[in-house]
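Trainee: This is the structure I want to talk about, given as structure tokens.
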Amino acid sequence: MSGAGDLSLGQLATLACTLEVCAPKPGNVHRSADFEDVTLQDFLASAIAIGPVFDQAATLSLGQLVLEGVQATAQVCHTNTNLGMLLLFAPLAKASVETDMQANVKLVIEESTSDDAKAIYEAIRLAQPGGLQNADQHDVAGQAPAHILNAMQLASERDFIARQYASGFSDLFDTVLPLLTEPTRTSLSLSHRIVHAHVSLMATFPDTLIARKNGEELAMQSSTIARRVLDAGQPFDEDYLQQLSNLDFWLRCNGHKRNPGTTADMIAAGLLVCLRQKSIVAPFV
């Protein structure tokens, strides 16, 4: 029987994005919910567009992967659907899974060059992510730093994706992967495991996209409401579902400014690692 292990790296990247966006995660676009300015079709088209780029991960540099991923996305979508994912996917795609993958990810980042930093800055400017604020040092509107870690370390307190670069992807490997693969949740469908992991991550780490758009206090409130879902009972029991619905309603208030997009990016990155390491394989249940 063929499975995800037979897919190319680009196909795995597309699959990770598709699995993430189709799961009915609270506050996000999914198969039953669109936003006014971005739809499920936009995310699916973006997922398909980046596949051929990530099939070249062995020959493209870290910065080229991010930039060409953004450029490919721009051919099919006018909205930023995946900049955060691309920033996370690029070092994960270039890292070997044959030995310690997390150590290899850290090495990929450390060995990147000033040209990579320039390409990543260009990608960020092209994608125009929401809620981006000016910075006193290494602002994306200005000159790129000599090394991308210089900028990521400065931004790590306010941006969870930057924190992954600065910490060697510790939150992804130590928190997200166990949430997606924990044995106690194997009775759940993969879609339900993704939703539960998403809510659990929100409860542990206030979403930094929410914080950028709405302030730290509201981001903390989103985390508190996510914790109520977990405290309500077993995943997808009646009380859990009621609290999950309350969280989803609250996140969708005020347009989609409360969209927990960084959390979604982290879940997608976790899925890519799981697919590459074959801890999650097709056919999915």
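Here our numbering is used: position 5 in the sequence shown is 7, and no number is missing along the way. Quick reminder that beta carbons are idealized off the backbone N, C-alpha and C, glycines included.
1) Enumerate in chain order the residues of its own chain whose CB-to-CB distance from histidine 194 is below 7 Å, with the five nearest sequence positions on each side excluded.
2) Within the same chain, show all residues whose beta-carbon is closer than 7 Å to that of alanine 205, passing over the 5 residues directly before and after it, in chain order.
3) Excluding the five sequence neighbours on either side, which residues of its own chain have a C-beta within less than 8 Å of the C-beta of glutamine 279, listed in chain order?
4) What's the C-alpha gap between aspartate 138 and asparagine 216?
5) Give a yes or no on whether the C-beta atoms belonging to phenylalanine 171 and leucine 274 are separated by under 9 Å.
6) Is the distance from the Cβ of leucine 182 to the Cβ of isoleucine 196 below 9 Å?
7) Mind checking whether isoleucine 111 and leucine 64 have CB atoms under 9 Å apart?
8) Relative to the C-alpha of cysteine 24, which residue among Glu240, Asp8, Thr41, Ser10 is closest?
9) With a threshold of 16 other CB atoms inside 10 Å of the CB of threonine 101, please say whether the residue is buried or exposed.
10) Quick one, which of Pro262, Gln13, Ala51 has its alpha-carbon nearest aspartate 209's?
11) So, for glutamate 218: in the same chain, excluding its five sequence neighbours on each side, which residues have a beta-carbon less than 8 Å away from its beta-carbon?
Mentor: So, to answer that:
1) Counting from one through the sequence shown, the residue named residue 194 turns up at place 192. Answer for histidine 194: Pro237, Phe238, listed in chain order.
2) Along the sequence shown, read from residue 1 onward, the residue named residue 205 stands at position 203. So the list reads Ser225, Ala228, Arg229, Leu232, once near-sequence residues are dropped.
3) In the sequence shown, residue 279 corresponds to position 277, counting from 1. Here the set comprises Val99, Met103.
4) Here residue 138 corresponds to residue number 136 of the sequence shown, with the count starting at 1. Here residue 216 corresponds to residue number 214 of the sequence shown, with the count starting at 1. Annotation note: pLDDT 49 at aspartate 138 (below 50); position unreliable, no value reported.
5) Indexing the sequence shown from 1 puts residue 171 at position 169. Indexing the sequence shown from 1 puts residue 274 at position 272. Contact: no.
6) Walking along the sequence shown from the start, residue 182 turns up at place 180. Walking along the sequence shown from the start, residue 196 turns up at place 194. Going by C-beta atoms, leucine 182 is nearer than 9 Å to isoleucine 196.
7) Along the sequence shown, one-based indexing puts residue 111 at 109. Along the sequence shown, one-based indexing puts residue 64 at 62. Yes, the pair counts as a contact, with Cβ atoms nearer than the cut-off.
8) Translated into the one-based positions of the sequence shown, residue 24 becomes position 22. Per the Cα distances, Thr41.
9) On the sequence shown, position 99 is the one that residue 101 refers to. So threonine 101 counts as exposed.
10) Here residue 209 is taken as the residue at index 207 of the sequence shown, counted from 1. Here the closest residue by C-alpha is Pro262.
11) Along the sequence shown, read from residue 1 onward, the residue named residue 218 stands at position 216. Only Pro208 meet the Cβ criterion.
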